Amino acid sequence: MCDHHEHEEHKNSYTIQRALIALILFAGGFKLKPLFLLAYLIAGGDVLYKAFKNIAKGRVFDENFLMSTATVGALAIKEFPEAVMVMVLYQIGEYFQHRAVEKSRHSITALMDIRPDYANLNGRKVAPQEVRVGDIITVNTGEKIPLDGIVTDGLASIDTSALTGESLPRCVKPGDSVASGCINLDGVLKIRVAREYGESTASKILELVEHASSKKAKTENFITKFARYYTPAVVFSALFIATVPPLFFAGNWVVRALTFLVISCPCALVISVPLSFFAGIGGASRQGILIKGSSYLETLSKADAVLFDKTGTLTKGVFKVTEIHSENPDLLKYAAYAESSSNHPIALAIKKAYAQEIPENLNIREIAGKGVSAEVEGHEVLAGNDKLVNPPQKPDSAGTVVYVSIDGNYQGYIVISDEVKEDSKTTIDELRRMNITTTMLSGDSKSSAEKIQGILGLDSIYSELLPENKVEKVEDAIKKSNGSVIFVGDGINDAPVLTRADVGIAMGGLGSDAAIEAADVVIMDDKPSKVVDAIVSAKQTMSIVKQNIIFAIGVKGLFLLLGGFGLVSMWGAVFADVGVSLIAVLNAMRGGNIKKKN
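Under the numbering used here, read the sequence shown as residues 1062 to 1659, first letter to last.
If you want it as structure tokens, here you go:
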């Protein structure tokens, strides 16, 4: 894959170099005519080659054939500057188009971070591929779980964010299932392997990313489709002009036919259409929206449904205390003291909420998988889950609940929740006004997902999903959609679904490198409202593209008609070609000044 992208970049660099060399020779051609021919061959040699190659394969009427026929016609009637400029302008247009398409499309190397390097088996480190189902492996603190399995011994908190996108660690104990790619944050785990490496969760995610892109069809270039009909029409029309009228009327009909061919060259389309996309991509980039190719702009403009990941996309992925339920006014203080030595996200949220100085020497003891105990002002304080503190009743809360007891007496609980981003609500509202449906796909619990739905007003939600489940939901949405389906995510776990959607948008500022590489669009500042800006930019760019197409074809058609009757000279042909191209290019550049929606 890397070799392919390097080849494309080298090829594109070569294209612009040839165009610049041809321009230099073009300038010298006004004093030394043979330089025109040399410039023509340098700028258009590959076009001529492709035309002959396609003719040999039976594909006669394409844009390469038309470019070749038109420019050879210009050379035949000694309009050398015109022939050279047509090819030079074509190569410049090709350069801009390829540059937009190939930018930032590289291998998803960051995803290799979830691939474990080794497994601890019988006191030695071995390759994960050597471990068999039923073997007992050891995973120490800070190590990645190399293979899917069942915990047989030990208590620990594991970071599952690489798989579920959820930044809150999960506590595991004997009997719990664990997936490869997760990281053991504390404790030592003994795990009985349930699947060989090739069938493991980490391996499946890598495979999904590598193969999902093959399911996404590339948008067929408009010019290619147009040329299927346009090219044979103008070629046969030119032949008709050169052969039939001379039988009945006097005049140099061969020159008229060649002029007709020069006029027919679709230079305005060849240049202005890709340049319109490129200008639109440039305008979006100035808003912090990186679009990796013109085809994604077109697909964005047809958005019918947007599916969001939750954590880090609609929410900040940063936990904070949102509720305190207790008759004890010092509950938060006691909890903060107990959690003072921990760097766990929950502990950090509680300490941040307390925001006061905490004394040392509290005799804190961590109880793996349950919570912590501490001696605070002569009292034994327990803070943790319901396995550590037995509450009289479990609250129906969307966040993570920390129960607190003092000297064995239940005192109440604290709720820690992920915070919704400030512009998430306006984003959903704006998409609804654009008649675009919104869905949230989350690896989180149902209650947490339902809470976010209530706050934002999403059309639908799906919770407790693994990466493969998210891919399935996107595929279902694509089947039901009348337009294009967009997925917005940020984590490594989102890479497969970002690749599968019609357009994958990654929240780039805080998102994983793998998600950014897999996505078609990257939002650099993590604001979901930029999704709306991207769609609006795409719609405006497509409007400019359509204007250029209608203008170029309309003017070209008029001049072809006049040229066929000999009412337009070669100067008219030059205007119909270069003049229309210039006007269309100026219109295309407006795409770089797209106004922000929000």
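Think of the CB as a built atom: it goes at the ideal place given N, C-alpha and C, for glycine as much as any other residue. Predicted model only: the values in this text are computed from it and were never measured.
Contact check, Val1616 vs Val1582, beta carbons under 8 Å: Along the sequence shown, one-based indexing puts residue 1616 at 555. Along the sequence shown, one-based indexing puts residue 1582 at 521. Cβ atoms of Val1616 and Val1582: not closer than 8 Å.
As assigned by DSSP and simplified to three states, the class of Ile1138: Mapped onto the sequence shown, residue 1138 falls at position 77. Note: Ile1138 maps to coil in three-state DSSP.
Own chain partners of Ala1510 with C-beta closer than 6 Å, once the 5 adjacent residues on each side are dropped: As a first step, residue 1510 is located in the sequence shown; it is residue number 449 there, counting from the start. Hits under 6 Å: Ser1503, Ile1522 and Ser1524.
Option nearest Gly1473 by Cα separation, candidates Leu1322, Ala1188, Glu1578 and Lys1394: Here residue 1473 refers to the residue found at position 412 when the sequence shown is read from its first residue. Answer by Cα proximity: Lys1394.
Supposed close pair Gly1432, Leu1443 - CB separation, criterion 8 Å: Start at 1 with the first residue of the sequence shown, and residue 1432 comes out as number 371. Start at 1 with the first residue of the sequence shown, and residue 1443 comes out as number 382. That pair is a contact at about 7 Å.
Nearest residue (CA-CA) to Asp1490, options Lys1234, Ile1211, Leu1623 and Pro1589: Within the sequence shown, residue 1490 is the residue found at index 429, counting from 1. Of the candidates Lys1234, Ile1211, Leu1623 and Pro1589, the one whose C-alpha sits nearest the C-alpha of Asp1490 is Pro1589.
Test: Ser1356 CB closer than 8 Å to a CB of chain C: Considering every chain present, this structure includes no chain C. It has just one protein chain.
Glu1438, DSSP secondary structure in three states: Here residue 1438 is taken as the residue at index 377 of the sequence shown, counted from 1. Three-state result, Glu1438: coil.
Whether Ala1556 touches Ser1325 by CB criterion (8 Å): Locating residue 1556 in the sequence shown gives position 495, counting from the first residue. Locating residue 1325 in the sequence shown gives position 264, counting from the first residue. Not in contact: Ala1556 and Ser1325 (Cβ atoms no closer than 8 Å).
Straight-line gap, Leu1517 to Leu1623 (C-alpha atoms, nearest Å): Within the sequence shown, residue 1517 is the residue found at index 456, counting from 1. Within the sequence shown, residue 1623 is the residue found at index 562, counting from 1. So the alpha carbons of these two residues sit roughly 59 Å apart.
For Tyr1156 and Gly1073, the rounded distance between their alpha carbons: On the sequence shown, position 12 is the one that residue 1073 refers to. On the sequence shown, position 95 is the one that residue 1156 refers to. For clarity, residue 1073 is Asn in the given sequence; the question names Gly instead. Approximately 6 Å between the Cα atoms of the pair.
Contact set for Arg1651: own chain, Cβ-Cβ below 8 Å, skip 5 residues either direction: Indexing the sequence shown from 1 puts residue 1651 at position 590. Excluding sequence neighbours, Arg1651 sits near Ala1340 and Ile1605.
Option nearest Ser1298 by Cα separation, candidates Val1315, Thr1199 and Lys1205: Counting from 1 along the sequence shown, the entry for residue 1298 is found at position 237. Nearest option by C-alpha distance: Val1315.
6 Å Cβ shell around Ser1387 - same chain, five flanking residues per side excluded: Taking the sequence shown and counting its residues from 1, one reaches residue 1387 at position 326. Counting only Cβ-Cβ distances below 6 Å, and skipping sequence neighbours, we find Gln1472 and Gly1473.
Outcome for Val1121 when other beta-carbon atoms lying within 10 angstroms are tallied against a minimum of 16: The sequence position of residue 1121 within the sequence shown is 60, counting from 1. By the neighbour-count rule (16 or more Cβ atoms within 10 Å), Val1121 is not buried but exposed.
Leu1621 vs Phe1310 beta-carbon contact at 8 Å: Position 560 of the sequence shown, counting from 1, holds the residue named residue 1621. Position 249 of the sequence shown, counting from 1, holds the residue named residue 1310. No, the Cβ-Cβ distance between Leu1621 and Phe1310 is not below 8 Å.
Per-residue burial, Pro1095 [other beta carbons within 10 Å of its own, 16 or more giving buried]: Your numbering for residue 1095 matches position 34 in the sequence shown. Exposed, since its Cβ has fewer than 16 Cβ neighbours within 10 Å.
Residues sharing a beta bridge with Thr1199, DSSP: As a position in the sequence shown, residue 1199 is number 138, starting the count at 1. Its beta-bridge partners are Asn1181 and Lys1251.
Cβ shell of Val1249 (< 8 Å), same chain only, five flanking positions each side left out: As a position in the sequence shown, residue 1249 is number 188, starting the count at 1. So the list reads Thr1199, Val1200, Asn1201, Thr1202, Gly1215 and Ala1217, once near-sequence residues are dropped.
Test item: CB-CB of Ser1008 and Asp1457 under 8 Å: Within the shown structure, residues of the chain are numbered from 1062 to 1659, placing residue 1008 beyond reach of any answer.
When Thr1499, Ser1129 and Ile1252 are compared against Ile1116, the one with the closest alpha-carbon: Position 55 of the sequence shown, counted from the start, is the residue given in the question as residue 1116. If we check each option's Cα against that of Ile1116, Ser1129 comes out closest.
Distance CB(Pro1235)-CB(Thr1221) smaller than 8 Å: For the purposes of this step, residue 1235 is taken as residue 174 along the sequence shown, with counting starting at 1. For the purposes of this step, residue 1221 is taken as residue 160 along the sequence shown, with counting starting at 1. Taking 8 Å as the Cβ cut-off, Pro1235 and Thr1221 do not qualify as a contacting pair.
Backbone CA spacing between Leu1559 and Glu1578 [nearest angstrom]: On the sequence shown, position 498 is the one that residue 1559 refers to. On the sequence shown, position 517 is the one that residue 1578 refers to. Whole-angstrom Cα-Cα distance: 10 Å.
Beta-carbon proximity list for Val1289, same chain, < 6 Å, skipping 5 on both sides: Along the sequence shown, read from residue 1 onward, the residue named residue 1289 stands at position 228. Before going further, note that residue 1289 is Arg rather than Val in the sequence given. Closer than 6 Å at Cβ, skipping near neighbours: no residue.
Residues bridged to Tyr1464 [DSSP beta-bridge criterion]: Numbered from 1 along the sequence shown, position 403 holds the residue referred to as residue 1464. Per DSSP, Gly1445 and Tyr1474.
Nearest candidate by alpha-carbon position, reference Ser1241, set Lys1607, Leu1102, Asp1247 and Glu1204: Position 180 of the sequence shown, counting from 1, holds the residue named residue 1241. It is Glu1204.
Contact under 8 Å by Cβ, Glu1536 with Val1323: Here residue 1536 refers to the residue found at position 475 when the sequence shown is read from its first residue. Here residue 1323 refers to the residue found at position 262 when the sequence shown is read from its first residue. Cβ atoms of Glu1536 and Val1323: not closer than 8 Å.
Cβ-based burial, Asn1313 [other Cβ within 10 Å; buried from 16]: As a position in the sequence shown, residue 1313 is number 252, starting the count at 1. With fewer than 16 Cβ atoms within 10 Å of its Cβ, Asn1313 is classed as exposed.
Option nearest Ile1197 by Cα separation, candidates Leu1336, Thr1499 and Ala1180: Here residue 1197 is taken as the residue at index 136 of the sequence shown, counted from 1. Minimum Cα distance to Ile1197 is reached at Ala1180.
Neighbourhood of Thr1360 by C-beta distance below 6 Å, restricted to the same chain and skipping five residues each side: The sequence position of residue 1360 within the sequence shown is 299, counting from 1. Here the set comprises Ser1545, Asp1563 and Val1564.
Alpha-carbon to alpha-carbon, Ile1584 and Asn1452: Within the sequence shown, the letter at position 391 stands for residue 1452. Within the sequence shown, the letter at position 523 stands for residue 1584. Inspection of the sequence shows that residue 1452 is occupied by Pro rather than by Asn. Roughly 43 Å separates the two Cα atoms.
CA-to-CA distance, Ala1399 to Asn1424, given in whole angstroms: Here residue 1424 corresponds to residue number 363 of the sequence shown, with the count starting at 1. Here residue 1399 corresponds to residue number 338 of the sequence shown, with the count starting at 1. Answer to the nearest angstrom: the Cα atoms are 9 Å apart.
Reference Asp1247; option with closest CA among Thr1500, Tyr1151, Tyr1110 and Cys1232: Here residue 1247 corresponds to residue number 186 of the sequence shown, with the count starting at 1. If we check each option's Cα against that of Asp1247, Cys1232 comes out closest.
Minimum C-alpha distance to Thr1405 - residue among Phe1380, Glu1438, Glu1384 and Pro1420: As a first step, residue 1405 is located in the sequence shown; it is residue number 344 there, counting from the start. Before going further, note that residue 1405 is His rather than Thr in the sequence given. It is Phe1380.
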